[in-house]
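Oh and the sequence shown: position 72 is 71 in numbering that gives the first Met the number 0, straight run, nothing missing.
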Amino acid sequence: MTEQKSGRAADQVVEAMVQRIRDGSIANGEPLPAERDLMAEFNISRTVTREAISILSSQGLIDAKPRHRPVVRKPGYEAAMDAASSIVGNLLLQPSGVRNLFDSRILVEAALVRGAAEMAGKQDIIDLKEALQANGAAINDNDLFYETDMQFHRVFYNISGNPVWPAVHRAYTTWLYPQWSQMPRLPDRNKANFAAHSAILEAILMRDPDAAETALRSHLAAAWDQVRATFGDI
Numbered sequence: 000m001t002e003q004k005s006g007r008a009a010d011q012v013v014e015a016m017v018q019r020i021r022d023g024s025i026a027n028g029e030p031l032p033a034e035r036d037l038m039a040e041f042n043i044s045r046t047v048t049r050e051a052i053s054i055l056s057s058q059g060l061i062d063a064k065p066r067h068r069p070v071v072r073k074p075g076y077e078a079a080m081d082a083a084s085s086i087v088g089n090l091l092l093q094p095s096g097v098r099n100l101f102d103s104r105i106l107v108e109a110a111l112v113r114g115a116a117e118m119a120g121k122q123d124i125i126d127l128k129e130a131l132q133a134n135g136a137a138i139n140d141n142d143l144f145y146e147t148d149m150q151f152h153r154v155f156y157n158i159s160g161n162p163v164w165p166a167v168h169r170a171y172t173t174w175l176y177p178q179w180s181q182m183p184r185l186p187d188r189n190k191a192n193f194a195a196h197s198a199i200l201e202a203i204l205m206r207d208p209d210a211a212e213t214a215l216r217s218h219l220a221a222a223w224d225q226v227r228a229t230f231g232d233i
């Protein structure tokens with residue numbers, strides 16, 4: 000079988016599996032047919048079968064793990080972000096790659112905190128206060144402080160009710176984790192970040208979007224200074 004024919008054969012399998020996923024013939028959480036069954040159904044080699052599975056995985060339609068049957072996952076925004084992870088990972092290795100991604104996060108969160116100041120409801124305020132309280136209680140526990148820091152920011156992504164934003168938050172934390180996990184975590188730095196979170200929440204409680212954005216930008220600018228102090232310009 001030539002490479003071109005192999006590619007066409009894999010595409011045919013992909014098209015068939017995509018259609019079955021979309022029409023529910025293979026439901027979310029169910030495994031794909033076994034490799035031998037796909038080989039028999041489409042009269043293809045094991046190599047072509049695995050090529051098709053790799054394509055489906057890259058499209059975010061299945062979870063493919065070594066020594067396990069690939070499992071279908073419902074297409075959604077998180078799947079789309081996961082599918083982009085390998086590309087983003089390569090972009091982060093380019094000069095200023097991390098800085099560019101972090102700048103995009105600043106723009107997104109600046110808009111989100113403005114929205115929070117204007118439209119946060121009662122439950123949103125409760126969620127923010129609880130997240131801030133947990134963050135303050137974790138100041139002396141560096142790993143827990145990092146987790147509660149992410150949770151505080153995550154609330155902003157949830158407030159609009161738009162399912163795109165929580166998926167974007169998950170993507171940012173995943174993509175930036177390799178750098179953030181190596182950052183020195185010190186109680187004094189934790190205290191400064193907690194104070195910045197408190198200022199953001201205070202501006203939201205005052206229903207002041209300008210102050211909320213200013214506090215958020217100041218917080219993330221300081222966070223970037225911490226990154227530069229550790230890694231230099233990346």
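Cβ coordinates follow ideal geometry from the N, Cα and C atoms, glycine included.
Straight-line Cα distance separating residue j from residue i
{"i": "residue 143", "j": "residue 137", "result": "6 Å"}
{"i": "residue 72", "j": "residue 65", "result": "17 Å"}
{"i": "residue 148", "j": "residue 86", "result": "26 Å"}
{"i": "residue 205", "j": "residue 116", "result": "8 Å"}
{"i": "residue 152", "j": "residue 80", "result": "18 Å"}
{"i": "residue 140", "j": "residue 180", "result": "14 Å"}
{"i": "residue 39", "j": "residue 220", "result": "57 Å"}
{"i": "residue 172", "j": "residue 88", "result": "13 Å"}
{"i": "residue 12", "j": "residue 26", "result": "17 Å"}
{"i": "residue 109", "j": "residue 68", "result": "42 Å"}
{"i": "residue 146", "j": "residue 36", "result": "44 Å"}
{"i": "residue 45", "j": "residue 14", "result": "17 Å"}
{"i": "residue 160", "j": "residue 52", "result": "33 Å"}
{"i": "residue 193", "j": "residue 63", "result": "39 Å"}
Proximity test, residue i beta-carbon vs the ligand SAH heavy atom, cut-off 7 Å
{"i": "residue 86", "result": "Annotation note on the ligand SAH: not contained in the displayed structure, which lists no ligands."}
Cβ-Cβ separation, residue j to residue i (assumed contact under 8 Å), whole Å
{"i": "residue 98", "j": "residue 233", "result": "7 Å"}
{"i": "residue 214", "j": "residue 195", "result": "7 Å"}
{"i": "residue 119", "j": "residue 158", "result": "6 Å"}
{"i": "residue 243", "j": "residue 33", "result": "Only positions 0 to 233 of the chain appear in this structure, which leaves residue 243 out of reach."}
{"i": "residue 70", "j": "residue 23", "result": "The pair is not a contact, with the Cβ atoms about 15 Å apart (cut-off 8 Å)."}
{"i": "residue 178", "j": "residue 230", "result": "6 Å"}
Three-way DSSP call (helix, strand, coil) for residue i in this model
{"i": "residue 187", "result": "helix"}
{"i": "residue 80", "result": "helix"}
{"i": "residue 85", "result": "helix"}
{"i": "residue 103", "result": "helix"}
{"i": "residue 93", "result": "coil"}
{"i": "residue 138", "result": "coil"}
{"i": "residue 232", "result": "coil"}
{"i": "residue 181", "result": "coil"}
{"i": "residue 161", "result": "coil"}
{"i": "residue 8", "result": "helix"}
{"i": "residue 114", "result": "helix"}
{"i": "residue 15", "result": "helix"}
{"i": "residue 120", "result": "coil"}
Of the listed residues the options, nearest to residue i (C-alpha basis)
{"i": "residue 125", "options": "48, 61 and 203", "result": "203"}
{"i": "residue 208", "options": "52, 9, 43 and 113", "result": "113"}
{"i": "residue 131", "options": "110, 93 and 201", "result": "201"}
{"i": "residue 43", "options": "26, 75 and 10", "result": "10"}
{"i": "residue 75", "options": "165, 7 and 188", "result": "165"}
{"i": "residue 56", "options": "17, 45, 198 and 185", "result": "17"}
{"i": "residue 175", "options": "191, 224, 91 and 54", "result": "91"}
{"i": "residue 225", "options": "31, 187 and 197", "result": "187"}
{"i": "residue 127", "options": "30, 155 and 41", "result": "155"}
- Task: At 4 residues or longer, and completely inside the region 17 to 72: list those alpha helix (DSSP H) runs for me, N to C.
- Result: 34 to 41 and 45 to 57
- Complete runs of the beta strand (DSSP E) confined to the region 194 to 223 [at least 3 residues]: none
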